[in-house]
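Participant: One structure coming up, written as structure tokens, with questions to follow.
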Amino acid sequence: MIVALTGPSGFLGSRLIARLQAEGHTVRALGRRDPAKPDVQFVRWESTSVAPPSEALTGVDAVIHLAGEPVAQRWNSEVKKKIRDSRVLGTRHLVNTIGKLKKIPPVLVAASAIGFYGDRGDEILNENSAPGSDFLSQTCVEWERESRQAEEFGVRVAMLRFGIVLGAEGGALKQMVPPFKAGVGGPVGSGKQWVSWIHADDAVGLLLFALLNQRVSGVVNATAPAPVRNAEFASAMGHAMSRPSLIPTPAFALKLLFGELAGVLLASQRVTPAAAQRAGFAFRYQEIGATLNQILS
Numbered sequence: 016m017i018v019a020l021t022g023p024s025g026f027l028g029s030r031l032i033a034r035l036q037a038e039g040h041t042v043r044a045l046g047r048r049d050p051a052k053p054d055v056q057f058v059r060w061e062s063t064s065v066a067p068p069s070e071a072l073t074g075v076d077a078v079i080h081l082a083g084e085p086v087a088q089r090w091n092s093e094v095k096k097k098i099r100d101s102r103v104l105g106t107r108h109l110v111n112t113i114g115k116l117k118k119i120p121p122v123l124v125a126a127s128a129i130g131f132y133g134d135r136g137d138e139i140l141n142e143n144s145a146p147g148s149d150f151l152s153q154t155c156v157e158w159e160r161e162s163r164q165a166e167e168f169g170v171r172v173a174m175l176r177f178g179i180v181l182g183a184e185g186g187a188l189k190q191m192v193p194p195f196k197a198g199v200g201g202p203v204g205s206g207k208q209w210v211s212w213i214h215a216d217d218a219v220g221l222l223l224f225a226l227l228n229q230r231v232s233g234v235v236n237a238t239a240p241a242p243v244r245n246a247e248f249a250s251a252m253g254h255a256m257s258r259p260s261l262i263p264t265p266a267f268a269l270k271l272l273f274g275e276l277a278g279v280l281l282a283s284q285r286v287t288p289a290a291a292q293r294a295g296f297a298f299r300y301q302e303i304g305a306t307l308n309q310i311l312s
């Protein structure tokens, strides 16, 4: 199978390339940065400015769309515009090119995020839960709307709402580990908010499952079956690193450091992967303690 992949140099993209190649697939990468992987054809694409050239997608059997400006940075109006446009306009441009192909690929697997739900306290959230009303929620609503447009061309569209992706080489843990190493790690805010997470290996596995499984379409929550409260997550981090986990970071400090982004970091999202489980996906990593031990030991 020839798979076109956007966002190939990101944390998930680089892992996905290795997995696709290991399973005998050919990868055609589209993005701003060349992933510099052997046997990967790279096509440079500025997603917010132009549609990818038809030649970049000609002959592909599937498209996986992961590209998007990183959310984990201090927000201002310019950064928020990049976050939104890279997702909404980038997806629009991609789908427009798909629709113009002589041979349209039968499947598009597109990233989304559990930021769709906003801050929901103890509410148990599934794929049918309503969106939140904040900036990230509304960005996700628009993002998914653009992905769905590919259905008009007969494409099966699966949209994976990723939780916090955990892995050793980057992602969320890259920012979380240093305070614990320094002995000043601990819960964030009240510590009562729910954290919905997924091991990077399961994230890649679910992308491939959605790619190859005809029954998977629409929204799929890409989160492990057992979300945990932030305090439990912090305790598991400390245990995995043999470091204390008792020093909380108060909400006001996060707001001073990160501004509007602090609302995302403090949000409570108790997400269940109902669609993935219903389709038969088997999560390898279901318990946060064992997961962090595996990654951080």
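Converting from the sequence shown to this note's numbering requires adding 15 to each position, the first position being numbered 1. Think of the CB as a built atom: it goes at the ideal place given N, C-alpha and C, for glycine as much as any other residue. Note that the structure is predicted; figures quoted are calculated from it, not measured.
If we count the other Cβ atoms within 10 Å of its Cβ and call it buried at 16 or more, is N141 buried or exposed?
Facilitator: By the neighbour-count rule (16 or more Cβ atoms within 10 Å), N141 is not buried but exposed.
Participant: On the premise that A239 lies in contact with Q301, defined as a C-beta separation below 8 Å, what is that separation, rounded to the nearest angstrom?
Facilitator: With a Cβ gap of about 6 Å, Q301 and A239 count as contacting.
Participant: Does the structure place the region 257-270 close enough to the region 173-188 that three or more beta carbon pairs sit under 8 Å?
Facilitator: Cβ pair count under 8 Å is below three, so no.
Participant: Is it true that the region 210-230 meets the region 291-308, where meeting means three or more beta-carbon pairs spaced less than 8 Å apart?
Facilitator: Enough Cβ pairs lie closer than 8 Å, so yes.
Participant: Leaving out five residues before and five after E166 in sequence, what residues of the same chain have Cβ atoms less than 8 Å from its Cβ?
Facilitator: Closer than 8 Å at Cβ, skipping near neighbours: V172.
Participant: Please report the distance separating the alpha-carbon of P242 from that of S148.
Facilitator: In a straight line, the C-alpha of P242 is about 22 Å away from that of S148.
Participant: For L21, which of helix, strand or coil comes out of DSSP?
Facilitator: The question names Leu, but residue 21 is Thr in the sequence shown. Correct three-state label for T21: strand.
Participant: Report the three-state DSSP secondary structure of G204 (helix, strand or coil).
Facilitator: It is coil, neither helix nor strand.
Participant: Give the single residue among R285, P67, A44, L226 whose Cα lies nearest to the Cα of I213.
Facilitator: Checking every option, the nearest Cα to that of I213 belongs to R285.
Participant: By Cβ distance below 8 Å, which residues in the same chain neighbour A255 in space, the five residues on each side in sequence not counted?
Facilitator: For A255, where only same-chain residues beyond five positions count, the Cβ hits under 8 Å are G304, L307, N308, I310, L311, S312.
Participant: Does DSSP put A225 in a helix, in a strand, or in coil?
Facilitator: In the structure shown, A225 sits in a helix (DSSP, three-state: H, G or I).
Participant: Going by C-alpha distance, which of F131, S101, P67 is nearest T112?
Facilitator: Nearest of F131, S101, P67 to T112, Cα basis: P67.
Participant: Is the beta carbon of P121 sitting closer than 9 Å to the one on G169?
Facilitator: Yes, the pair counts as a contact, with Cβ atoms nearer than the cut-off.
Participant: What three-state label does DSSP hand G244 in the structure shown?
Facilitator: This sequence places Arg at residue 244; Gly is not what is there. R244 falls in the strand class under three-state DSSP.
Participant: Using DSSP with H/G/I as helix, E/B as strand and the rest coil, what is H40?
Facilitator: The answer is coil: DSSP assigns H40 none of H, G, I, E or B.
Participant: What does the alpha-carbon distance come out to for the pair G233 and E159?
Facilitator: About 9 Å.
Participant: Please look up how many angstroms separate the CB atoms of L181 and S127, rounded, as I've assumed it's under 8 Å.
Facilitator: Actually they are not in contact, since the Cβ atoms of L181 and S127 sit about 18 Å apart, beyond 8 Å.
Participant: According to the Cβ coordinates, are V43 and L72 closer than 9 Å?
Facilitator: The sequence shown places Arg at residue 43, not Val. Closer than 9 Å, so yes.
Participant: Can you list, in chain order, the stretches of the beta strand (DSSP E) that have 3 or more residues and sit fully within the region 99-153?
Facilitator: For the region 99-153, whole beta strand (DSSP E) runs of length 3 or above, ordered along the chain, are 122-128.
Participant: Identify which residue in I98, L27, V203 has its Cα closest to the Cα of L281.
Facilitator: Looking at the Cα atoms, V203 is the closest of the given residues.
Participant: Taking a contact to mean a Cβ-Cβ separation below 9 Å, would you say S211 touches I129 in this structure?
Facilitator: Yes.
Participant: For a minimum of 3 consecutive residues, which ranges assigned as the beta strand (DSSP E) are wholly contained in the region 61-87?
Facilitator: Whole beta strand (DSSP E) segments, 3+ residues: 77-80.
Participant: What whole-angstrom Cβ distance do S29 and P53 have, given they're in contact under 8 Å?
Facilitator: S29 to P53, Cβ: 13 Å. No contact.
Participant: Three-state secondary structure (DSSP) at A215?
Facilitator: Of the three classes helix, strand and coil, the one that applies to A215 here is helix, per DSSP.
Participant: Give the straight-line distance between the Cα atoms of R230 and A237, rounded to the nearest whole angstrom.
Facilitator: Cα-Cα distance, rounded: 16 Å.
Participant: Can you tell me whether G198 is helix, strand or coil according to DSSP?
Facilitator: Note: G198 maps to coil in three-state DSSP.
Participant: What is the rounded straight-line gap between the Cα of T264 and the Cα of G201?
Facilitator: The alpha-carbon atoms of T264 and G201 are separated by roughly 7 Å.
Participant: Between R47, V55, L227, which lies nearest to G83 when the distance is taken from Cα to Cα?
Facilitator: Taking only the C-alpha atoms, the option nearest G83 is R47.
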